[in-house]
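In this note's numbering, each residue's number is its place in the sequence shown (first place is 1) plus 1. One structure below.
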Amino acid sequence: MIPDPYKVLGVPPTATDEEITRAYRRLAKKYHPDLNHGNPEATKKMSEINAAYEQIKSGKAARGSNQESAHGNYGSYGSGGSFGGFGNYNYGWQQKRGYSEFDQVRNYIFAGYYREALNILAGINNRSAEWYYYSSVANAGLGNKITALEQAKKAVTMDPNNLEYRRFLAHLQQGGEAYRRQSRSYGMPICVIPQVCLTLCLARMCCTFCGRPFC
Numbered sequence: 002m003i004p005d006p007y008k009v010l011g012v013p014p015t016a017t018d019e020e021i022t023r024a025y026r027r028l029a030k031k032y033h034p035d036l037n038h039g040n041p042e043a044t045k046k047m048s049e050i051n052a053a054y055e056q057i058k059s060g061k062a063a064r065g066s067n068q069e070s071a072h073g074n075y076g077s078y079g080s081g082g083s084f085g086g087f088g089n090y091n092y093g094w095q096q097k098r099g100y101s102e103f104d105q106v107r108n109y110i111f112a113g114y115y116r117e118a119l120n121i122l123a124g125i126n127n128r129s130a131e132w133y134y135y136s137s138v139a140n141a142g143l144g145n146k147i148t149a150l151e152q153a154k155k156a157v158t159m160d161p162n163n164l165e166y167r168r169f170l171a172h173l174q175q176g177g178e179a180y181r182r183q184s185r186s187y188g189m190p191i192c193v194i195p196q197v198c199l200t201l202c203l204a205r206m207c208c209t210f211c212g213r214p215f216c
C-alpha cells in the first residue's frame, strides 16, 4: 500500500472525485508506458499512479482523522466496484496484478486514445466477454455505433450475469433514460459526473452516440 496516494497524484486529501480524475488522467497521458517506449521509469511511475488511484477509489486511503472517506462507497476495480459517473459500478474494470494488455487498453481509453486501444485489442487472441466490452467502449468512443452495440451484446451474451456489461448495453441502446431508470431501482445516485476517468470518455461518447446530452 502506498503511504500517501494523494501525493502521488499531486492532489490534497480533500480533493473531489473530479479533481482526482483529472489528476490521474493528466499523469496517465504523461507516463503511460506505450507513450514512453523503452523507458522503465515511466512504466514504474505508471504502476505507482495506478496503485495510488485504485487505493483512493477503494476507500483505503485516509482523508484525515475526522473526515470520512468520500470514496469509500465506490470500491476498487473489481466486480461491483467504482465506475463513478454511471453509479457505483465500474463497467467491468478488473483489478489486475502487474501490467496486462487490458491495463494498457484501459489507460488508452482513459486518455481518449480509442484507436490505440483497439490496436492492442486486435493483438489479443482470447476474445472473452471482457475483450468485447473494452472493444465496445473504444468503438463507442470513435462513434462506431453499430460495432459498439454488436460487441456490447456479445459481452452480455458471454457473461449475462455481469451487471456492468448489461447496464452499458442498455445505455447504448436507449441512452441515458435506461441508466436513470436502473439507477432509481437500485437506489443509486443519478448522473454523478464523473468519478473515474473513463466516465469522462463515456459521458462524451453518449452525447455523440445517443444524439442528445447525457443528463
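Where a beta carbon is used, it is the ideal one built from N, C-alpha and C, also for glycine.
In the DSSP assignment, Met-159 falls within the alpha helix (DSSP H) that extends over 146-159.
A Cβ-Cβ distance of about 16 Å is found for the pair Arg-26 and Ala-139, leaving them out of contact under the 8 Å criterion. Listed in chain order, the non-local C-beta contacts of Ile-50 below 8 Å within the same chain comprise Val-9, Leu-10, Tyr-25, Leu-28, Ala-29 and Tyr-32, local neighbours out to five positions each way being set aside. Contact check for Glu-20 and Val-12: beta-carbon distance about 6 Å, within the 8 Å limit, so the pair qualifies.
Straight-line measurement puts the Cα of Ala-52 at about 10 Å from the Cα of Ser-59. Under the three-state reduction of DSSP, Val-12 is assigned to coil, being neither helix nor strand. Counting along the chain, the unbroken alpha helix (DSSP H) around Ser-48 starts and ends at 41-58.
Comparing alpha-carbon positions, the option among Ala-130, Asn-163, Leu-164 and Asn-162 lying closest to Glu-151 turns out to be Ala-130. Exclusion of the five residues before and after Thr-148 leaves Asn-140 as the residues of its chain whose Cβ lies within less than 6 Å of its Cβ.
A check of alpha carbon separations from Pro-4 across Thr-17, Tyr-54, Glu-42 and Thr-44 identifies Tyr-54 as the nearest. For the pair Gln-105 and Ile-121, the CB atoms are nearer than the 7 Å cut-off. Boundaries of the alpha helix (DSSP H) around Arg-26: 18-32.
Counting every other CB atom within 10 Å of its CB across the protein chains shown gives Ala-123 a total below 16, marking it as exposed.
A straight line joining the alpha-carbon of Arg-167 with that of Val-157 spans about 6 Å. Distance from the CA atom of Glu-42 to the CA atom of Arg-107, rounded to whole angstroms, is 20 Å. Where Ser-137 is concerned, the enclosing alpha helix (DSSP H) starts and stops at 130-143.
Setting aside the 5 residues that flank it on each side, Arg-128 has no residue in the same chain whose C-beta is closer than 8 Å to its C-beta. Between Gln-56 and Pro-6, the C-beta spacing is below 7 Å. With contacts defined as CB atoms closer than 7 Å, Gly-142 and Tyr-114 fail to qualify as a contacting pair. For Ile-3, there is no enclosing alpha helix (DSSP H), since its DSSP letter is neither H nor E. Sorting Thr-17, Ser-101 and Arg-23 by C-alpha distance to the C-alpha of Ser-48 places Ser-101 at the top.
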